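Novice: Before I ask anything, here is the structure I am working with.
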Amino acid sequence: MALARCLIEKCRKKVYRKDLPPTSVIITFHNEARSTLLRTIVSVLNRSPEHLIKEIILVDDFSDHPEDGLELAKINKVRVIRNEKREGLVRSRVRGADAAIAEVLTFLDSHCECNEDWLEPLLERVAEDETRVVCPVIDVISMDTFQYIGASADLRGGFDWNLVFKWEYLSLEERAERHKDPTTSIETPMIAGGLFVINKKYFEKLGKYDMKMDVWGGENLEISFRVWQCGGSLEIIPCSRVGHVFRKRHPYTFPGGSGNVFAKNTRRAAEVWMDDYKQYYYAAVPLAKNIPFGNIDDRIELRTRLHCKPFKWYLENVYPQLAVPEMTNVGTIQQGIYCLDTLGHLIDGSVGVYQCHSTGGNQEWTITKKGQIKHHDLCLTLVSFAKGSVVMMRVCDDNENQRWELREGGILKHSKSNVCLDTRYVQEHGITAELCNSGLDTQYWRFVTKHS
Ligand code: UDP
Ligand code: MN
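For the sequence shown, the positions run 1 to 452 when my numbering is used.
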């Protein structure tokens, strides 16, 4: 609490440059309540120096009642653009950005309240360096009472391998360091998405947004990776505060279904920006693999054209806090046209082979660094060391009877004994472990990774 007080006092004392660039505020909305929309606009106008607000562009994303927007267009500086069909927030924001006349763009959600002195600290950071993309601290407007509640300024945006945005506390060391000057900007690996300031030319140079993303979601991931990997930075500015109504669910229809659309958008971001690390996303959200994500050629081309850095760089330099799961190899284990297959068997079941169908599922195996041959949480286990032993799927543990080596010559040899995975008795017993002999076709395997 003491720190929060100290922050407020220090922020009040700040003096900002006199020559800050004016901004176009862009607010997209679909079926927003009139009262919250009005609150957003009024707070922008009342809590910003007049000369810094060039205009407020409202993009009505085909709301049911066109009058809602038109009514607001009567307010000084407010312009309304209405989509002819529902476009989703990405295409709506880009439409607003294209129409903007100021040098700097300020994006806001349609249910915000800008707090005192919210704008100057943001504009100053961008005026000093146009490759900075900056966000306010996002306070909470209660969904039930619409009361304004201050949030912690010790947070930054992050995510797990499911690629869902989350707030994270700064580490103890970072917080201790910030005591010296709590007003300094906080670098953030990810932005929440709706509230940020960016130089208009820089927004354009960086490729605006991925226009093939629909409705909602994933665009914050995409722009965050893109900004960092292509030479910019993302910051949270503790002296700037804007309240936002966080809602439990989307109060609007979601053409295509929210899960599908979110997975599609997220896949587009992952496929373009994450290189081989996308496998960890698919491991965390296996169902995403079934959702078509469309063509991404233009975004790949953008990445190449801008000479953006690899995702590995982002992980090491921007988000070292995100633990990378053990590097694994995922793929199929093939013998001619047949693939190692669980045949739908479960724990303590045998495994067999089945014609390769290249759709993953029962034929998808991971060979871990430790030498486990893994399907979900089950590992191929040598049940007894005798030859002719059946190989079973058991829960992975750290035991030696689950360690295998893919040797030259294509044999899959048990690490501690001279037996190899063999298909000679596959019809009767499933895969068995037989004395190794790399000359035998029934012991010859090829591991084909998905990501090669
Ligand atoms: N929005 C939009 N079109 C859509 C979906 C959302 O214009 O199809 C607007 C919405 O009105 C809001 C902003 O995009 O101003 C962000 O959406 P929302 O607030 O639902 O996202 P959240 O803050 O919950 O992540
Ligand atoms: Mn919102």
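The beta-carbon is built from N, C-alpha and C at its ideal position, and this holds for glycine as well.
In this text the structure is predicted, and so the values were computed from the model without any measurement.
CA-CA distance, Asp129 and Cys135?
Specialist: Here the question's residue 129 lines up with position 129 in the sequence shown. Here the question's residue 135 lines up with position 135 in the sequence shown. Cα-Cα distance, rounded: 14 Å.
Novice: Taking buried to mean at least 16 other C-beta atoms within 10 Å of its own C-beta, is Asn46 buried or exposed?
Specialist: Working through the sequence shown from its first residue, we reach residue 46 at position 46. Exposed, by the Cβ-count rule.
Novice: Mind checking which residues open and close the beta strand (DSSP E) that includes Lys413?
Specialist: As a first step, residue 413 must be located in the sequence shown, where it is residue number 413. Leu412 to His414 is the extent of the beta strand (DSSP E) around Lys413.
Novice: Residues bridged to Ala433 by DSSP?
Specialist: As a first step, residue 433 must be located in the sequence shown, where it is residue number 433. Ser389 and Leu421.
Novice: Taking a contact to mean a Cβ-Cβ separation below 8 Å, would you say Phe339 touches Val351 in this structure?
Specialist: As a working note, residue 339 is residue 339 in the sequence shown. As a working note, residue 351 is residue 351 in the sequence shown. One detail in the question is off: residue 339 reads as Cys in this sequence, not Phe. No, Cβ-Cβ distance for Cys339 and Val351 is not below 8 Å.
Novice: Across which residues does DSSP place Met190 in a beta bridge pair?
Specialist: Position 190 of the sequence shown, counted from the start, is the residue given in the question as residue 190. Its beta-bridge partners are Gly157.
Novice: Looking only at its own chain, which residues have a Cβ that is under 8 Å from the Cβ of Pro310, when we skip the five neighbours before and after it?
Specialist: For this step, residue 310 is matched to residue 310 along the sequence shown. Answer for Pro310: Gln229 and Asp275, listed in chain order.
Novice: Identify whether Lys200 lies in helix, strand or coil by the three-state DSSP scheme.
Specialist: Along the sequence shown, one-based indexing puts residue 200 at 200. The answer is helix: DSSP assigns Lys200 an H, G or I state.
Novice: Let me confirm a value: Thr304 is counted as buried when at least 16 other C-beta atoms fall within 10 Å, else exposed. Which label applies?
Specialist: One-based indexing of the sequence shown puts residue 304 at position 304. Classification for Thr304: exposed.
Novice: Could you give the distance in angstroms between the alpha-carbon of Met143 and the alpha-carbon of Cys356?
Specialist: The residue labelled residue 143 in the question sits at position 143 within the sequence shown. The residue labelled residue 356 in the question sits at position 356 within the sequence shown. Rounded to the nearest angstrom, the two C-alpha atoms are 52 Å apart.
Novice: Is the distance from the Cβ of Leu58 to the Cβ of Thr23 below 8 Å?
Specialist: For the purposes of this step, residue 58 is taken as residue 58 along the sequence shown, with counting starting at 1. For the purposes of this step, residue 23 is taken as residue 23 along the sequence shown, with counting starting at 1. For Leu58 and Thr23, no; Cβs fall outside 8 Å.
Novice: Going by C-alpha distance, which of Asp61, Lys248 and Val390 is nearest Gln427?
Specialist: Residue numbering aside, residue 427 sits at position 427 when the sequence shown is read from its first letter. Comparing Cα-Cα distances from Gln427 to each of Asp61, Lys248 and Val390, the minimum goes to Val390.
Novice: If distances are taken between C-alpha atoms only, which option among Leu322, Thr342 and Asp298 comes closest to Tyr281?
Specialist: Mapped onto the sequence shown, residue 281 falls at position 281. Taking only the C-alpha atoms, the option nearest Tyr281 is Leu322.
Novice: Could you give the first and the last residue of the continuous beta strand (DSSP E) run that contains Arg446?
Specialist: Taking the sequence shown and counting its residues from 1, the one referred to as residue 446 is at position 446. Looking at the DSSP string, the run of the beta strand (DSSP E) that includes Arg446 is Arg446 to Thr449.
Novice: Report all residues from its chain with a CB closer than 8 Å to the CB of Leu435; omit the five preceding and five following residues, and keep chain order.
Specialist: In the sequence shown, counting from the first residue as 1, residue 435 sits at position 435. The answer, listed in chain order, is Lys387, Asn418, Val419 and Cys420.
Novice: Per DSSP, what are the beta-bridge partners of His357 in this structure?
Specialist: Translated into the one-based positions of the sequence shown, residue 357 becomes position 357. None; His357 has no bridge partner.
Novice: Can you have a look at Ser452 and say buried or exposed, based on whether 16 or more other CB atoms are within 10 angstroms of its CB?
Specialist: Position 452 of the sequence shown holds residue 452. Unreliable positioning characterises Ser452 in this predicted model, as indicated by a pLDDT of 43, which lies under 50. The coordinate reading is nonetheless provided below. So Ser452 counts as exposed.
Novice: Helix, strand or coil: which one does DSSP assign to Ser438?
Specialist: The residue labelled residue 438 in the question sits at position 438 within the sequence shown. Correct three-state label for Ser438: coil.
Novice: Between Lys370, Arg91, Val25 and Glu168, which lies nearest to Leu123 when the distance is taken from Cα to Cα?
Specialist: Counted from its first residue, the sequence shown places residue 123 at position 123. Nearest C-alpha to Leu123: Val25.
Novice: Would the C-beta of His65 count as close to ligand 1, meaning under 7 Å from any of its heavy atoms?
Specialist: Against the sequence shown, residue 65 aligns to sequence position 65. Not so, every heavy atom of ligand 1 lies at least 7 Å from the Cβ.
Novice: Three or more C-beta pairs under 8 Å: does that hold for the region 179-187 against the region 231-241?
Specialist: Verdict: yes, contact present.
Novice: Sorted by chain position, which residues of the same chain lie with C-beta nearer than 7 Å to Val448's C-beta, five sequence neighbours on each side aside?
Specialist: Position 448 of the sequence shown holds residue 448. Excluding positions up to five away in sequence, the list reads Gly331, Thr332 and Gln334.
Novice: Is Ser452 helix, strand or coil by DSSP?
Specialist: The residue labelled residue 452 in the question sits at position 452 within the sequence shown. Confidence at Ser452 is low in this model, with a pLDDT of 43, below 50, so its placement is unreliable and no value can be given for it.
Novice: Taking the CB atoms as reference points, tell me whether Gly69 and Val215 lie closer together than 8 Å.
Specialist: Here residue 69 refers to the residue found at position 69 of the sequence shown. Here residue 215 refers to the residue found at position 215 of the sequence shown. For Gly69 and Val215, no; Cβs fall outside 8 Å.
Novice: Closer than 7 Å to a non-hydrogen atom of ligand 1 - does that hold for the CB of Trp167?
Specialist: For the purposes of this step, residue 167 is identified with residue 167 of the sequence shown, where counting begins at 1. Flag unset: Cβ of Trp167 not near ligand 1.
Novice: Run the CB neighbour count on Glu219, radius 10 Å, all protein chains shown included, and call it buried at 16 or more, exposed below.
Specialist: Here the question's residue 219 lines up with position 219 in the sequence shown. Glu219 should be labelled buried.
Novice: Count the other CB atoms within 10 Å of the CB of Glu50; is the residue buried (16 or more) or exposed (fewer)?
Specialist: As a working note, residue 50 is residue 50 in the sequence shown. Counting Cβ neighbours within 10 Å, Glu50 comes out exposed, since fewer than 16 surround it.
Novice: Relative to ligand 1, is the shortest distance from any of its heavy atoms to the C-beta of Ser92 smaller than 7 Å?
Specialist: Reading the sequence shown from its first residue, position 92 is the one you call residue 92. Yes.
Novice: With C-beta atoms as the reference, is Met190 less than 8 Å away from Gly232?
Specialist: Locating residue 190 in the sequence shown gives position 190, where the first residue counts as 1. Locating residue 232 in the sequence shown gives position 232, where the first residue counts as 1. Contact: no.
Novice: Taking the alpha carbon of Trp161 as the reference point, which residue from Ala288, Glu204 and Arg95 has its own alpha carbon closest?
Specialist: Here residue 161 refers to the residue found at position 161 when the sequence shown is read from its first residue. Ranking the options by Cα distance to Trp161, first place goes to Ala288.
Novice: Can you give the Cα-Cα distance for Thr106 and Glu316, rounded to whole angstroms?
Specialist: Stepping through the sequence shown from its first residue, residue 106 is reached at position 106. Stepping through the sequence shown from its first residue, residue 316 is reached at position 316. Near 30 Å, if we compare the C-alpha coordinates of Glu316 and Thr106.
Novice: Let me check you understand the geometry: is the CB of Gly410 closer than 7 Å to at least one non-hydrogen atom of ligand 2?
Specialist: The residue you call residue 410 lines up with position 410 of the sequence shown. Not under cutoff, so the answer is no.
Novice: Sorted by chain position, which residues of the same chain lie with C-beta nearer than 6 Å to Gly193's C-beta, five sequence neighbours on each side aside?
Specialist: For the purposes of this step, residue 193 is identified with residue 193 of the sequence shown, where counting begins at 1. Correct list, in chain order: Asn220.
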